[in-house]
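For reference, the structure discussed in these notes is given below.
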Amino acid sequence: MSDLSLIGMVSIFTAGITIAIGSIGPALGEGRAVAQALSSIAQQPDEVNTITRTLFVGLAMIESTAIYCFVITMILIFANPFWDYAVKQAGG
Amino acid sequence: MNFNPDAMIILQYGLIHINATLVFTWIVMLLLVGLSAWVTRKLSVDTDIPAWQNLLEVLVIGIHDQIRDISQQNPDRYLPFIGSLFLFIAVSNLLSIIPGYQPPTSSLSTTTALAICVFIAVPLYGIAECGVLAYLRQYLRPTLFMLPFNIIGEFSRTLALAVRLYGNIMSGMVIVGILLSFAPFFFPVLMQLLGLLTGMIQAYIFAVLAMVYIASATTAQHRKNTNRRAIPDNAVNDNEEQI
Chain W
6 MSDLSLIGMV SIFTAGITIA IGSIGPALGE GRAVAQALSS IAQQPDEVNT
56 ITRTLFVGLA MIESTAIYCF VITMILIFAN PFWDYAVKQA GG
Chain L
55 MNFNPDAMII LQYGLIHINA TLVFTWIVML LLVGLSAWVT RKLSVDTDIP
105 AWQNLLEVLV IGIHDQIRDI SQQNPDRYLP FIGSLFLFIA VSNLLSIIPG
155 YQPPTSSLST TTALAICVFI AVPLYGIAEC GVLAYLRQYL RPTLFMLPFN
205 IIGEFSRTLA LAVRLYGNIM SGMVIVGILL SFAPFFFPVL MQLLGLLTGM
255 IQAYIFAVLA MVYIASATTA QHRKNTNRRA IPDNAVNDNE EQI
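Which chain is which? The protein sequence lines are W and L, in order.
Residue numbers for the first sequence follow my numbering, beginning at 6 and rising by one.
Residue numbers for the second sequence follow my numbering, beginning at 55 and rising by one.
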């Protein structure tokens, strides 16, 4: 097996694994956060504005971990430095 | 598929490359500055104000109130910085409904520049508020051993700020691009709508986080003084910081 196909194979496999595992944690976290926020709103409907604002900021913070994984996946697939290097070596 | 506006060269003079990010950033800047300059040329204090002035007043007052809610301080000092961050990011994300437009925030260089602005603004506001020594001393809180972690946190949150905005906007564009290739017409429009919502929320998040970072740098000294009197405001401040 040539270096090129090995690099391609490992990159794509790792990209899939990265986004799959990387989305589990944020999904669980966001579920918990939304559930907690909903029960807080049910208990204190007057504080809807504060709770919603904090919820959105918190959700964005939680979601950013999934976004990091997504960025890594995109780098692995579209802008892989090792792939470029191997192509350059193979080309001459 | 080309998702990176940095790689789209529009003009080229010798060594100077004008890429799509620059062009679209200038368009957004021109739009914001031009519109504000044109509207504020003829302001009135009557009961009957022009529609555009009303729009700007709603925007400025809205941002003003949000900053006051979040920082629990006088918002006038932070309004220009936070407001421009929010308006720039919001406008550059919302304009993405125009065909052919690529949001400058989908390039990592733009978002990094914005994050570095926040990175520099935090110590500036902190020092202006409570002095050099008091500002530096808060790196030693709660103990001396936390110093390296506080410094690492300063850099990592800047990185997170940049990558969060970039990742959200870029992922919206990538998803629309991929969907166009196998489910054209209807489904990409829905994702584009979702992208508008995401863009607006991300602009809000960026501004709120910048404000929270600045507020945590400026209230450090203030909080220590008020601790003895146990003002209930403390609870609010502590909650805000945990964000």
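Glycine included, each C-beta is placed from N, C-alpha and C at the ideal position.
These numbers were taken from a predicted model, which means no experiment stands behind them.
Going by DSSP, which residues form a beta bridge with residue i?
i: I63/L; result: N73/L
Between residue i and residue j, what straight-line distance do the alpha-carbon atoms span, to the nearest angstrom?
i: I77/W; j: P242/L; result: 24 Å
i: Q107/L; j: G88/L; result: 14 Å
i: A91/L; j: F140/L; result: 18 Å
i: A302/L; j: A25/W; result: One cannot answer for residue 302/L here, as it falls past the ends of chain L, which runs 55 to 297.
i: Y298/L; j: L9/W; result: The requested residue 298/L is not part of the displayed model; chain L covers only 55 to 297.
i: D228/L; j: L190/L; result: Looking at the sequence provided, one finds Val at residue 228/L rather than Asp. Their backbone Cα atoms lie some 42 Å apart in a straight line.
i: F78/L; j: Y155/L; result: 7 Å
i: I136/L; j: M265/L; result: 7 Å
i: Q48/W; j: P177/L; result: 39 Å
i: G30/W; j: G63/W; result: 14 Å
i: T318/L; j: Q66/L; result: With chain L covering 55 to 297 only, the question about residue 318/L has no answer from this structure.
i: I205/L; j: T197/L; result: 13 Å
i: F260/L; j: G180/L; result: 19 Å
i: R131/L; j: E183/L; result: 10 Å
i: S225/L; j: F75/W; result: 8 Å
i: I297/L; j: L263/L; result: Bear in mind that the predicted position of I297/L carries a pLDDT of just 44, short of 50, making it unreliable; the figure below should be weighed with that in mind. Approximately 8 Å, taken between the alpha carbons.
i: N85/W; j: G185/L; result: 46 Å
i: S146/L; j: P157/L; result: 6 Å
i: L251/L; j: E68/W; result: 15 Å
i: R58/W; j: D123/L; result: 10 Å
i: G207/L; j: Y193/L; result: 10 Å
Report the residue from the options whose alpha carbon sits nearest the alpha carbon of residue i.
i: L97/L; options: S210/L, Q156/L, T164/L, L110/L; result: L110/L
i: I121/L; options: V114/L, I115/L, P129/L; result: P129/L
i: S160/L; options: Q126/L, I117/L, G180/L, R218/L; result: R218/L
i: F61/W; options: A257/L, I223/L, I232/L; result: A257/L
i: I152/L; options: I81/L, H71/L, I72/L; result: I81/L
i: A32/W; options: E52/W, K93/W, A65/W, F87/W; result: A65/W
i: F57/L; options: T272/L, A175/L, Y220/L; result: Y220/L
Within the same chain, show all residues whose beta-carbon is closer than 7 Å to that of residue i, passing over the 5 residues directly before and after it, in chain order.
i: F142/L; result: V82, L86
i: L133/L; result: I117, H118, I121
i: A284/L; result: Since pLDDT at A284/L reaches only 44, below the 50 mark, its modelled position is unreliable, and the value read off the structure follows with that caveat. Hits under 7 Å: none found.
i: H71/L; result: I63
i: I46/W; result: V53, I56
Starting from the C-beta of residue i, find all residues in its chain whose C-beta is less than 6 Å away, skip the five residues before and the five after it, and write them out in chain order.
i: A20/W; result: T78, L81, I82
i: N288/L; result: Reliability fails at N288/L, whose pLDDT of 45 lies under 50, so the model's placement of it is uncertain and no value is given.
i: L234/L; result: P242
i: G249/L; result: G226
Got a sec? Which residues, its chain only, sit under 8 Å from residue i by beta carbon, not counting five neighbours each side?
i: V114/L; result: L133, G137
Checklist entry - Which residues, in chain order, does the stretch 215-231 of chain L contribute to contact with chain W at a C-beta distance below 8 Å? => result Correct list: V217, R218, Y220, G221, N222, M224, S225, V228.
Item to check | Residues from the stretch 85-97 of chain W in contact with chain L, defined by Cβ distance under 7 Å | outcome: Within the stretch 85-97 of chain W, no residue has a Cβ that lies closer than 7 Å to any Cβ of chain L.
Checklist entry - Listed from N- to C-terminal order along the chain, which residues in the stretch 58-72 of chain W have their beta-carbon within a distance smaller than 7 Å of any beta-carbon of chain L? => result Listed by position, the residues of the stretch 58-72 of chain W near chain L (Cβ gap below 7 Å) are T59, F61, V62, G63, A65, S69, I72.
Item to check | Residues of the stretch 262-274 of chain L whose Cβ lies closer than 9 Å to any Cβ of chain W, in chain order | outcome: Of all residues in the stretch 262-274 of chain L, only V262, L263, V266 place a beta-carbon less than 9 Å from a beta-carbon of chain W.
Checklist entry - According to a CB-to-CB cut-off of less than 8 Å, which residues of the stretch 247-259 of chain L neighbour chain W? => result Listed by position, the residues of the stretch 247-259 of chain L near chain W (Cβ gap below 8 Å) are I255, Q256, Y258, I259.
Item to check | Where the stretch 42-58 of chain W meets chain L: residues whose CB sits under 9 Å from a CB there | outcome: Sequence-ordered contacts of the stretch 42-58 of chain W with chain L read N54, T55, R58 [C-beta pairs closer than 9 Å].
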